[in-house]
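K.L.:
My numbering puts the sequence shown at residues 747 to 895. Ideal placement from N, C-alpha and C gives every residue a C-beta, glycine not left out. Predicted model only: the values in this text are computed from it and were never measured.
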Amino acid sequence: MLISYDNDLSKPIEFFNKRILLRKRSVLENKIVDLQVELAALKNGKVEPDENYEQLKNEKEALEQQVNFMNSVIVDMQHKNDDLRSRLDILETEVIFDGHLQLGMPQHRVNSRLFCDICNIFDIHDTEDCPKQRNVRRTPSYSSQESEF
747 MLISYDNDLS KPIEFFNKRI LLRKRSVLEN KIVDLQVELA ALKNGKVEPD
797 ENYEQLKNEK EALEQQVNFM NSVIVDMQHK NDDLRSRLDI LETEVIFDGH
847 LQLGMPQHRV NSRLFCDICN IFDIHDTEDC PKQRNVRRTP SYSSQESEF
């Protein structure tokens with residue numbers, strides 16, 4: 747529930763940021779179009795060359811660079827949103843494996859250690875393979891079997 751609450755708050759902020767970037771982008775594109783029209787008119791000789799021609803040309807290039815930068819920021823934000831959405835999907839569709847959360851990484855199982863109940867030692871042999879137990883089995887005790895029944 748907490749994840750969706752944070753996600754709900756981030757959507758309006760992201761939307762607001764995108765709207766600001768898109769407004770700036772449209773203003774810069776309009777300036778580029780205006781400058782291109784003036785440049786075309788200058789090239790055709792319809793208008794006298796303005797003394798600010800170089801300044802306008804430099805401004806046009808600067809605005810184009812700003813538009814390209816804004817486009818790259820928008821693309822980066824979209825990639826970040828896609829990455830966060832995929833992470834959220836993984837967390838929402840958590841895979842439970844033996845009571846533990848498994849996020850696509852294989853978990854290694856620990857092999858159980860050998861232990862002998864008779865000798866009280868680890869990693870030497872199992873209780874079933876105990877040499878002391880073999881000696882005990884060879885000499886059966888009938889009295890203990892009768893008392894168990």
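Would Leu774 and Ile820 be called neighbours here (beta carbons separated by less than 8 Å)?
P.N.:
No, these two residues do not count as a Cβ contact at 8 Å.
K.L.:
Mapping the DSSP letters down to three states, classify Ile867 as helix, strand or coil.
P.N.:
Of the three classes helix, strand and coil, the one that applies to Ile867 here is strand, per DSSP.
K.L.:
Cutting at 8 Å between CB atoms, please list the residues of its own chain near Tyr905, excluding the five before and the five after it.
P.N.:
Look at the range of the chain in this structure, 747 to 895, and you will see that residue 905 is not part of it.
K.L.:
Nearest to Cys876 by CA position, among Phe868, Cys862 and Asp869, is which residue?
P.N.:
Considering only alpha carbons, the answer is Cys862.
K.L.:
What residue from Leu809, Ser818 and Glu838 has the CA that sits closest to Lys777's CA?
P.N.:
For Lys777, the nearest C-alpha among the options comes from Leu809.
K.L.:
Roughly how many angstroms separate the alpha carbons of Gly791 and Ser832, rounded to a whole number?
P.N.:
Whole-angstrom Cα-Cα distance: 56 Å.
K.L.:
Within this structure, are the beta carbons of Lys770 and Met823 separated by less than 8 Å?
P.N.:
For Lys770 and Met823, no; Cβs fall outside 8 Å.
K.L.:
So, for His871: in the same chain, excluding its five sequence neighbours on each side, which residues have a beta-carbon less than 7 Å away from its beta-carbon?
P.N.:
Taken in chain order, the residues that qualify are Leu860 and Cys862.
K.L.:
Confirm, please, whether the CB-CB distance from Leu802 to Val834 is below 8 Å.
P.N.:
The sequence as given places Leu at residue 834; Val does not occur at that position. Not in contact: Leu834 and Leu802 (Cβ atoms no closer than 8 Å).
K.L.:
From which residue to which residue does the alpha helix (DSSP H) around Ser858 run?
P.N.:
Counting along the chain, Ser858 falls outside any alpha helix (DSSP H), and DSSP gives it neither H nor E.
K.L.:
Check Pro877 in the structure and name its three-state DSSP category.
P.N.:
It is helical.
K.L.:
Please state if the CB of Asn827 and the CB of Glu874 are separated by a distance shorter than 8 Å.
P.N.:
In this structure, Asn827 does not lie closer than 8 Å to Glu874 by Cβ.
K.L.:
Return the chain-ordered list of same chain residues with a C-beta closer than 6 Å to the C-beta of Gln879, the five sequence neighbours on each side being excluded.
P.N.:
Contacts found: Ile864.
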